Amino acid sequence: MGLGLLFLLICLFGAGTALGQQQESMSQRPVAAPQGSGDIGSDYWRALRQGESGYSASAPGRQSDLINVSGSAWMTQRNEEVTKIGAWAFAIFAGAVLLFYLARGTVRVDKGRSGRVVERWPLAHRIIHWWVAVLFIIQLFSGLVILYGKSLLIPLLGKETFGVLAQLAKTTHNYLGPLLFVGMVVMIVAWLKHNIPKGVDFSWFAKGGGLVGKGHPSAGYLNGGEKAWFWLVATVGGLIVVTGMVLDFPQFGQTRETMQSMNYLHGVAGLIVGAMTIAHIYIATLGTEGAMEGMLNGYVDVNWAEQHHDLWYEEVKDQAIDAESLQQEGGSSGSTVGGDQPSSSPA
Amino acid sequence: MARMKFLCDTDRCIECNGCVTACKNENEVPWGINRRRVVTINDGQEGERSVSVACMHCSDAPCISVCPVDTIYQTADGIVLHDKDICIGCGYCFFACPFGAPQFPTQSSFGSRGKMDKCTFCAGGPEKVGSIDEKRKYGSNRIAEGKLPICAEMCSTKALIAGDASDVSDIYRERIVWRGSAAGAWGWDLAYGRRKREQARGEAK
Numbered sequence: 004m005g006l007g008l009l010f011l012l013i014c015l016f017g018a019g020t021a022l023g024q025q026q027e028s029m030s031q032r033p034v035a036a037p038q039g040s041g042d043i044g045s046d047y048w049r050a051l052r053q054g055e056s057g058y059s060a061s062a063p064g065r066q067s068d069l070i071n072v073s074g075s076a077w078m079t080q081r082n083e084e085v086t087k088i089g090a091w092a093f094a095i096f097a098g099a100v101l102l103f104y105l106a107r108g109t110v111r112v113d114k115g116r117s118g119r120v121v122e123r124w125p126l127a128h129r130i131i132h133w134w135v136a137v138l139f140i141i142q143l144f145s146g147l148v149i150l151y152g153k154s155l156l157i158p159l160l161g162k163e164t165f166g167v168l169a170q171l172a173k174t175t176h177n178y179l180g181p182l183l184f185v186g187m188v189v190m191i192v193a194w195l196k197h198n199i200p201k202g203v204d205f206s207w208f209a210k211g212g213g214l215v216g217k218g219h220p221s222a223g224y225l226n227g228g229e230k231a232w233f234w235l236v237a238t239v240g241g242l243i244v245v246t247g248m249v250l251d252f253p254q255f256g257q258t259r260e261t262m263q264s265m266n267y268l269h270g271v272a273g274l275i276v277g278a279m280t281i282a283h284i285y286i287a288t289l290g291t292e293g294a295m296e297g298m299l300n301g302y303v304d305v306n307w308a309e310q311h312h313d314l315w316y317e318e319v320k321d322q323a324i325d326a327e328s329l330q331q332e333g334g335s336s337g338s339t340v341g342g343d344q345p346s347s348s349p350a
Numbered sequence: 117m118a119r120m121k122f123l124c125d126t127d128r129c130i131e132c133n134g135c136v137t138a139c140k141n142e143n144e145v146p147w148g149i150n151r152r153r154v155v156t157i158n159d160g161q162e163g164e165r166s167v168s169v170a171c172m173h174c175s176d177a178p179c180i181s182v183c184p185v186d187t188i189y190q191t192a193d194g195i196v197l198h199d200k201d202i203c204i205g206c207g208y209c210f211f212a213c214p215f216g217a218p219q220f221p222t223q224s225s226f227g228s229r230g231k232m233d234k235c236t237f238c239a240g241g242p243e244k245v246g247s248i249d250e251k252r253k254y255g256s257n258r259i260a261e262g263k264l265p266i267c268a269e270m271c272s273t274k275a276l277i278a279g280d281a282s283d284v285s286d287i288y289r290e291r292i293v294w295r296g297s298a299a300g301a302w303g304w305d306l307a308y309g310r311r312k313r314e315q316a317r318g319e320a321k
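Order-wise, the sequence lines are chains D and E. With my numbering applied, the first sequence covers 4 to 350. With my numbering applied, the second sequence covers 117 to 321.
Below you can see the structure in the form of structure tokens.
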């Protein structure tokens, strides 16, 4: 109920201007032009072309307007802008990551593995991360099917087969969307306190974040890059899930204009975050040795911690434990998501 | 080859809604959907005009252009039809259509809309001509029987004309010669002129 009200508020906020127009048309003010003569001139028809609406007994309340003025603008936005923005974003990020990998290679743990580990991501935080990550990837691919399938997949699969796939993609996208919304809200709230920018984050950026150039700039629990990614996800990603909810629950009186603008924002924001996810996944896997472990089994090697998050490591180094004791405690080494869940309260 | 078009002569339309009713009856359109509607401008005031609107079967139709599953198509006669088996109910055709023609049986949570429904120019759909499936999903196929759309055939003032573009134009041209003015062919420029306008724009550059 509360959630429903929230959607309604969002919709009303977004639809403010469109609703205003609707109410205006309900007051039945005369269309411009005919003064006295009853002449129906070109001004009259121009006003209709520009979206003037009338009264309809056969479509009460809904379609009393004659022309959907914004439809053609939306069509251009969706067919030309959004598809191009997406293609460019993916090309740029995939290309940049590839070039970067070729130039820099994997950032190794300089001192090698110490065999001692320290807890970085407790279980609850890993669950939030993978909740959002898995859902986002599914949403990204099902969204890409809807946006690019017509030009890329129909020639391969044919219309009928693609129709089944697209139906599956749309249904999945629409039913999982609200779960992603919930995950995003929880994640933003849970991680907000770690992501307040500090002075050290700016000097981290100034020194190239340890990815560009030599040496490893100082960083706390989260470095400047991680914080920037958090804020991008919180804002642009937040826009994705909010616009998605407005699109997903069309029964709250959203106007066609609201749906058009929401659809546009949803596509652009989704593609931007989707493309940047390539960089995020790269940095966490191929890009940096030892980083992924923190998000899989919760613990990172102390040498990795000292190298990448020296200020945080200073705070927690007395909590370090032997990697072997961790394995004994939590069973086999955690190489799969959720396959191995060590205790969230280390010794 | 014919190029089928609708023309609503707004100097003749009297807002009787006969076209709406005839369409609904002929095609057994689902409850809550009117494939055709009549809109009155300046109702009860000076300069009142009524327009009967449905799918205009546009040249270079926006709905075809935005459909993510490419289920909407144009026949050789220029009639815009769609395959309901492929339609995923995303609503994009409704967002893009200048005339508000595509409609959906429901509008509920998780973007559930059902299959899009719209005017077929009484030309059925992709199912076998005259089959039960065609009738159930798309309504009548009067074109296959050599007849014109029921809305135009039933129009009491012959405001709504349907048929091959050259015949429709001849009838309307004759009317405007008698009247001495031609304001009323509502929507023609928008429905049939987009490609020409874009070409003209391209040539101007």
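Where a beta carbon is used, it is the ideal one built from N, C-alpha and C, also for glycine. Source: prediction; values computed, not measured.
Distance between residue j and residue i (C-alpha atoms, nearest Å)
i       : j       : result
Y267(D) : Q322(D) : 48 Å
E318(D) : T261(D) : 49 Å
T222(E) : T258(D) : 15 Å
K337(E) : M265(D) : Nothing about residue 337(E) can be reported from this structure: the residues present for chain E run from 117 to 321 only.
A301(E) : L123(E) : 6 Å
I70(D)  : C135(E) : 19 Å
G256(D) : G227(E) : 13 Å
C132(E) : G240(E) : 25 Å
I130(E) : C203(E) : 36 Å
S225(E) : W232(D) : 31 Å
G273(D) : H198(E) : 29 Å
K140(E) : L299(D) : 60 Å
E162(E) : L51(D)  : 16 Å
G270(D) : I286(D) : 25 Å
R151(E) : V100(D) : 51 Å
D201(E) : E142(E) : 22 Å
I188(E) : C209(E) : 9 Å
G296(E) : E144(E) : 40 Å
S75(D)  : A170(E) : 18 Å
V305(D) : A106(D) : 27 Å
Short Cβ contact (7 Å threshold) for residue i with residue j
i       : j       : result
N128(E) : S61(D)  : It is Arg, not Asn, that sits at residue 128(E) in the sequence shown. Result no, Cβ atoms of R128(E) and S61(D) do not sit closer than 7 Å.
I275(D) : V239(D) : yes
D280(E) : K162(D) : no
M172(E) : G303(E) : yes
L182(D) : L138(D) : yes
V155(E) : G57(D)  : yes
W124(D) : G290(D) : no
A308(D) : V121(D) : yes
F96(D)  : A278(D) : yes
A118(E) : C267(E) : no
A172(D) : S206(D) : no
P178(E) : M248(D) : no
L102(D) : G223(D) : no
A260(E) : V245(E) : yes
R311(E) : D176(E) : yes
Span of the beta strand (DSSP E), counted from its first residue to its last, around residue i
i       : result
V167(E) : R165 to V169
V155(E) : R153 to I157
T120(E) : The sequence shown places Met at residue 120(E), not Thr. Taken as a continuous stretch (DSSP letters only), the beta strand (DSSP E) holding M120(E) covers M120 to C124.
Y132(D) : Reading the sequence as shown, one finds His at residue 132(D) and not Tyr. H132(D) -> not in any beta strand (DSSP E); alpha helix (DSSP H) instead, spanning L126 to L155.
H198(E) : V196 to H198
Q190(E) : I188 to Q190
Continuous alpha helix (DSSP H) stretch holding residue i: start and end
i       : result
I95(D)  : T86 to R107
E122(D) : It is not in any alpha helix (DSSP H) - E122(D) instead sits in the beta strand (DSSP E) that spans R119 to E122.
P178(E) : P178 to V182
K320(D) : Run containing K320(D): none; DSSP gives neither H nor E here.
K140(E) : G134 to N143
Below-7 Å beta-carbon distance, residue i vs any chain C residue
i       : result
F122(E) : The chain inventory of the structure shown lacks chain C, comprising the protein chains D and E.
### Query
What residues from the segment 133 to 158 of chain E come within 8 Å of chain D, judged by C-beta to C-beta, listed N to C?
N133, V136, N150, R152, R153, V154, V155, T156, I157 and N158
### Task
Taking a Cβ distance cut-off of 8 Å, strictly less, list which residues of the segment 251 to 267 of chain D are near chain E, in chain order.
D251, F252, P253, Q254, R259, M262, Q263 and N266
### Query
What are the complete beta strand (DSSP E) segments, minimum 3 residues, inside the segment 271 to 315 of chain D?
302 to 304
### Query
Along the segment 181 to 194 of chain E, what residues have a CB closer than 9 Å to any CB found in chain D?
S181, V182, C183, P184, V185, D186 and T187
### Task
Name, going along the chain, the residues of the segment 167 to 191 of chain D whose beta-carbon falls closer than 7 Å to a beta-carbon of chain E.
A169, Q170, K173, N177 and Y178
### Message
Under 8 Å, CB to CB, which of the residues in the segment 73 to 98 of chain D have a partner in chain E?
### Response
G74, S75, W77, M78, R81 and N82
### Task
Check each residue of the segment 195 to 209 of chain E: if its Cβ is closer than 9 Å to any Cβ of chain D, include it; give the result in chain order.
D199, D201, I202, C203, I204, G205, C206, G207 and Y208
### Message
Can you pull out the residues from the segment 233 to 265 of chain E whose beta carbon lies closer than 9 Å to at least one beta carbon of chain D?
### Response
none
### Task
With a floor of 4 residues, list each alpha helix (DSSP H) that falls wholly inside the segment 255 to 307 of chain E, ordered by position along the chain.
266 to 270 and 281 to 295
### Task
Using a Cβ-Cβ cut-off of less than 8 Å, give me the residues of the segment 214 to 226 of chain E that come near chain D, in sequence order.
P214, F215, G216, Q223, S224, S225 and F226
### Task
Pick out the complete beta strand (DSSP E) segments inside the segment 194 to 240 of chain E, 3 residues or longer, and give them in chain order.
196 to 198
### Query
Listed from N- to C-terminal order along the chain, which residues in the segment 197 to 226 of chain D have their beta-carbon within a distance smaller than 7 Å of any beta-carbon of chain E?
none
#### Entry: Residues within the segment 139 to 157 of chain D neighbouring chain E, beta-carbon criterion of under 8 Å
I149, L150, G152, K153 and I157
### Query
Which of the residues in the segment 305 to 320 of chain E, read from start to end, lie with their CB under 9 Å from any CB of chain D?
D305, L306 and R310
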